[in-house]
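Reviewing the structure listed below.
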Amino acid sequence: MASTKAAILIPIFLLSSLLIHTTQAHNITAILDGYPDYALYNSYLTKTKVCDEINAHETVTCLVLSDSAMSSLVTAAKQSLAGIKNALRLLSLLDYFDPQKLHDLPSGTTLTTTLYQTTGNAPGNLGFVNITNLRGGKVGFAAAAPGSKFDASYVKAVKQSPFNLSVIEISNAVTYPGLLDATSASTANITALLEKAGCKTFASLLASSGVLKIYQSQMDKGLTLFAPNDDAFQAPGAPDLSSLSSADLVTLLQYHALPEYAPKSSLPAKSGPIQTLASSAAGKYDMSVVSQGDDVSLDTGVDKSRVASTVLDDTPVCILTVDSLLLPVELFGGAPAPAPGPASETPVPAPAPDALAPAPVSKKHRLHHSPPAPPMEAPAEAPSKAAADKADVKTGAAATVGPMGILAAIMSCFVFGNLIM
Numbered sequence: 001m002a003s004t005k006a007a008i009l010i011p012i013f014l015l016s017s018l019l020i021h022t023t024q025a026h027n028i029t030a031i032l033d034g035y036p037d038y039a040l041y042n043s044y045l046t047k048t049k050v051c052d053e054i055n056a057h058e059t060v061t062c063l064v065l066s067d068s069a070m071s072s073l074v075t076a077a078k079q080s081l082a083g084i085k086n087a088l089r090l091l092s093l094l095d096y097f098d099p100q101k102l103h104d105l106p107s108g109t110t111l112t113t114t115l116y117q118t119t120g121n122a123p124g125n126l127g128f129v130n131i132t133n134l135r136g137g138k139v140g141f142a143a144a145a146p147g148s149k150f151d152a153s154y155v156k157a158v159k160q161s162p163f164n165l166s167v168i169e170i171s172n173a174v175t176y177p178g179l180l181d182a183t184s185a186s187t188a189n190i191t192a193l194l195e196k197a198g199c200k201t202f203a204s205l206l207a208s209s210g211v212l213k214i215y216q217s218q219m220d221k222g223l224t225l226f227a228p229n230d231d232a233f234q235a236p237g238a239p240d241l242s243s244l245s246s247a248d249l250v251t252l253l254q255y256h257a258l259p260e261y262a263p264k265s266s267l268p269a270k271s272g273p274i275q276t277l278a279s280s281a282a283g284k285y286d287m288s289v290v291s292q293g294d295d296v297s298l299d300t301g302v303d304k305s306r307v308a309s310t311v312l313d314d315t316p317v318c319i320l321t322v323d324s325l326l327l328p329v330e331l332f333g334g335a336p337a338p339a340p341g342p343a344s345e346t347p348v349p350a351p352a353p354d355a356l357a358p359a360p361v362s363k364k365h366r367l368h369h370s371p372p373a374p375p376m377e378a379p380a381e382a383p384s385k386a387a388a389d390k391a392d393v394k395t396g397a398a399a400t401v402g403p404m405g406i407l408a409a410i411m412s413c414f415v416f417g418n419l420i421m
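Each residue of the sequence shown is one higher than the last, beginning at 1 in the UniProt record's numbering.
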């Protein structure tokens with residue numbers, strides 16, 4: 001028996017090890033800890049949480065910067081974590097490039113996507129990096145923005161794990177005008193940002209309910225906000241929020257936020273229920289993430305809402321827009337009450353009672369009405385008298401008795417009485 005259990009446990013252990021290895025293929029900060037020349041770059045990977053996004057991708061090439069090059073980037077970004085984060089994402093290529101592949105590019109040039117492109121903040125193809133073989137065997141890197149120059153070039157290979165992770169040093173950061181000018185959470189006005197993003201109704205509810213102060217107190221610890229756009233409140237089937245109590249409205253608004261920093265690109269890595277600001281120890285007011293390709297949606301158990309765009313992404317705060325209201329099961333487990341229609345709609349009048357009620361029948365007509373007309377066509381096979389009698393027994397008091405039936409019953413009683421006498 002013991003040997004049988006051991007035979008079962010060994011494959012399970014191997015499978016668990018394989019799953020752990022698959023989900024955590026690499027740890028970029030642990031790898032760079034062994035390279036002191038990139039200490040500043042590595043520290044900003046941790047501060048901005050870009051390291052988590054890199055580790056979540058099975059295939060990635062990190063273009064790392066020496067301490068002097070990284071110091072120049074920090075100065076250019078005016079030490080804004082939001083701007084530095086954009087630059088580090090643009091230096092994270094979602095493809096595998098080793099020295100041989102860089103020097104053997106088809107046609108000598110290629111455009112490759114980056115982590116920055118996955119955020120949805122890069123207009124057009126500005127989240128791509130142009131890699132080109134230049135004269136003398138030099139490999140240059142530039143932004144895909146028109147007019148960008150190859151200010152960054154290949155220096156050396158640091159570490160390769162074919163075909164998952166490649167770490168390559170380049171001479172300078174890859175940037176373009178506007179990349180480093182990201183809004184910082186420390187100076188952000190949440191309501192102003194939401195209104196500019198087309199979420200005026202949601203911003204107004206936050207201010208009037210007092211939940212805005214709850215969000216602000218959470219920002220230093222980590223906050224991700226899912227803001228429904230204005231159309232979401234007018235969509236067919238949207239609930240009438242005026243019917244909620246003040247406490248339920250506060251709970252609903254808290255349900256639209258996570259007590260952690262979770263940018264859009266990191267959401268697909270979350271499995272199982274995730275807690276919101278409204279969650280309790282009993283596991284209520286949770287939600288889950290559903291992703292397919294680049295599309296990310298939030299599943300509340302009542303409906304699903306697509307995560308549309310990023311309004312603010314500055315560790316530890318992230319503000320995202322969603323296409324519809326997030327309706328928790330605890331408040332909207334049944335069909336949500338629809339919002340009232342426009343006041344101009346004219347209600348349809350109910351029919352008058354007299355029009356639906358049958359005309360009264362006098363006693364005289366009830367006793368002497370004519371029998372119903374026979375059917376237009378006889379059925380193909382008429383039932384026998386025995387079957388009809390059996391049917392009459394089954395229907396009992398519900399059967400309709402005609403005048404002849406009443407007369408027959410009276411005569412039967414008369415004959416039976418005479419016999420007894």
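Note that the Cβ used here is the ideal one computed from N, Cα and C, for glycine as well. These numbers come from a predicted model, not from an experiment.
Terminal residues of the beta strand (DSSP E) in which residue i lies
| i | result |
| --- | --- |
| residue 305 | 304-314 |
| residue 180 | That residue, residue 180, is in no beta strand (DSSP E); it is neither H nor E in DSSP. |
| residue 59 | Note, residue 59: premise wrong, no beta strand (DSSP E); not H, not E. |
| residue 298 | 295-299 |
| residue 320 | 317-322 |
Beta-ladder partner(s) of residue i, from DSSP
| i | result |
| --- | --- |
| residue 257 | 225 |
| residue 434 | Here the chain comprises residues numbered 1 to 421, so residue 434 is not present and cannot be evaluated. |
| residue 92 | 62 |
| residue 292 | 295 |
Alpha helix (DSSP H) segment containing residue i, residue limits
| i | result |
| --- | --- |
| residue 52 | 50-55 |
| residue 75 | 67-76 |
| residue 29 | 28-32 |
| residue 326 | Residue 326 -> no alpha helix (DSSP H), and no H or E assigned at all. |
| residue 192 | 190-196 |
Integer-rounded CB distance, given that residue j should sit under 8 angstroms from residue i
| i | j | result |
| --- | --- | --- |
| residue 141 | residue 174 | 5 angstroms |
| residue 88 | residue 44 | 6 angstroms |
| residue 269 | residue 56 | 5 angstroms |
| residue 180 | residue 76 | 6 angstroms |
| residue 129 | residue 143 | 7 angstroms |
| residue 127 | residue 113 | 7 angstroms |
| residue 155 | residue 131 | Contact flag wrong, Cβ pair sits at about 14 angstroms. |
| residue 320 | residue 264 | 6 angstroms |
| residue 182 | residue 82 | 4 angstroms |
| residue 322 | residue 305 | 4 angstroms |
| residue 60 | residue 103 | Not quite, the Cβ-Cβ distance comes to about 20 angstroms (not below 8 angstroms), so this is no contact. |
| residue 185 | residue 317 | 4 angstroms |
| residue 194 | residue 203 | 4 angstroms |
Check: residue i C-beta below 7 angstroms from any heavy atom of the ligand ZN
| i | result |
| --- | --- |
| residue 278 | No copy of the ligand ZN occurs in the structure displayed, which carries no ligand at all. |
Exercise. Of all the alpha helix (DSSP H) runs that stay within the bounds of the region 96-176, which reach a length of 4 or more residues?
Worked result: Complete alpha helix (DSSP H) runs here, min 4: 99-103, 115-118.
For this session: Go through the region 209-247 residue by residue and report every complete run of the beta strand (DSSP E) that reaches 3 residues or more, in order.
Result: Runs found: 223-228.
For this session: Answer yes if the region 274-287 comes into contact with the region 51-66, meaning at least three C-beta pairs across the two stretches below 8 angstroms, and no otherwise.
Result: Fewer than three pairs of CB atoms, one per stretch, sit closer than 8 angstroms, so the region 51-66 makes no contact with the region 274-287.
Exercise. Is the region 303-316 in contact with the region 114-125, if contact means three or more CB pairs nearer than 8 angstroms?
Worked result: Cβ pair count under 8 angstroms is three or more, so yes.
Exercise. Looking at C-beta atoms only, is the number of pairs between the region 228-242 and the region 290-302 that lie closer than 8 angstroms three or more?
Worked result: Flag = no, the region 228-242 and the region 290-302 do not touch.
For this session: Spell out a yes or no on whether the region 198-209 and the region 67-85 are touching, meaning 3 or more CB-CB pairs, one atom from each, closer than 8 angstroms.
Result: By the Cβ test, the region 198-209 is not in contact with the region 67-85, since fewer than three Cβ pairs between them sit closer than 8 angstroms.
For this session: Pair every Cβ in the region 325-334 with every Cβ in the region 246-260, then say whether three or more of these pairs are closer than 8 angstroms.
Result: Yes, the region 325-334 is in contact with the region 246-260.
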